[in-house]
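Participant: Quick one: structure below, then a few questions.
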Amino acid sequence: MTCSYRQMALAAVLVASLAAPAAHAQGHVVTMQKLDWSTAERLASEAVRYCQAQGYSVTAAVVDTTGHQQVVIKGDSVPLQSLSVSYRKAYTAYSYGLAFNMNTTSELIAAKVTGPANGALNTIPEVLFVPGGVTLRKVTDNSVLGGIGVSGAPGGDKDEACAQAAVAKYRADFH
């Protein structure tokens, strides 16, 4: 059985038309990068461990690139509000670290990101401009992977030091 030129052309058009939507559909799929759960867990655990060695019981939360909580590690004797505060610090470090290209909530405060020129950013429900949040960045291209927030030490500066120590220990894994 031989195929006519017309049948071959029709078959080619049909194959091309079936392949085109699939190729086009790929442009509608978005992928995101984030830490895997075990790295996020090690990071939060290290922040709690580091603070504990300093005599502070804290909670550490890691958020991913959607702003959702990925991991929470709670110290043995922290107040209940540390759960919410650590998440909000992580969320703020992630979202505003990304928007303003800064690495900590302290840097955001120092840059007066919370001021009138930027509107009432501090009234957005999950945002908390208090020291203790650190933006998580990929080693290879510095793109944002999420944020870590720590709460419970006697001062945001101490919370932030614990978060930064954890990031310093595991940053090489952020690739």
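Take the sequence shown: its position 61, counting from 1, is numbered 64 in this note's numbering, and each next residue is one higher.
Cβ atoms here follow ideal geometry from the backbone N, Cα and C, with glycine treated the same way.
1. How many angstroms separate the CA atom of Gln84 from the CA atom of Gly149?
2. Rounded to whole angstroms, what is the Cα-Cα separation between Cys165 and Met35?
3. Which whole runs of the alpha helix (DSSP H) in the region 31–115 are 4 residues long or more, in chain order?
4. Starting from Thr138, follow its DSSP beta bridges and name the residues at the other end.
5. For the alpha helix (DSSP H) holding Val170, just list the boundary residues, first then last.
6. Is it the case that the Cβ atoms of Ser109 and Asp79 are separated by a distance below 8 Å?
7. Exposed or buried, what is Lys77 when buried is set at 16 or more other beta-carbons lying within 10 Å of its beta-carbon?
8. Using the beta-carbon count (16 or more within 10 Å), is Gly30 buried or exposed?
9. Assign Thr126 to buried or exposed, taking buried as 16 or more other Cβ atoms, counted over all protein chains shown, within 10 Å of its Cβ.
10. Buried or exposed: Gln167, going by 16 or more other Cβ atoms within 10 Å of its Cβ?
11. Let me confirm a value: Gly135 is counted as buried when at least 16 other C-beta atoms fall within 10 Å, else exposed. Which label applies?
Facilitator: Reading off the structure:
1. Take the alpha-carbon of Gln84 and the one of Gly149: they are about 21 Å apart.
2. Rounded to the nearest angstrom, the two C-alpha atoms are 27 Å apart.
3. Runs found: 40–56, 84–103, 108–113.
4. According to DSSP, which records beta bridges pairwise, Thr138 is partnered with Gly150.
5. For Val170, the enclosing alpha helix (DSSP H) stretches over residues 159–173.
6. Taking 8 Å as the Cβ cut-off, Ser109 and Asp79 do not qualify as a contacting pair.
7. It counts as buried.
8. Exposed: under 16 other Cβ atoms inside 10 Å.
9. Classification of Thr126: exposed, given that the 10 Å Cβ count is below 16.
10. Gln167 should be labelled buried.
11. Buried, by the Cβ-count rule.
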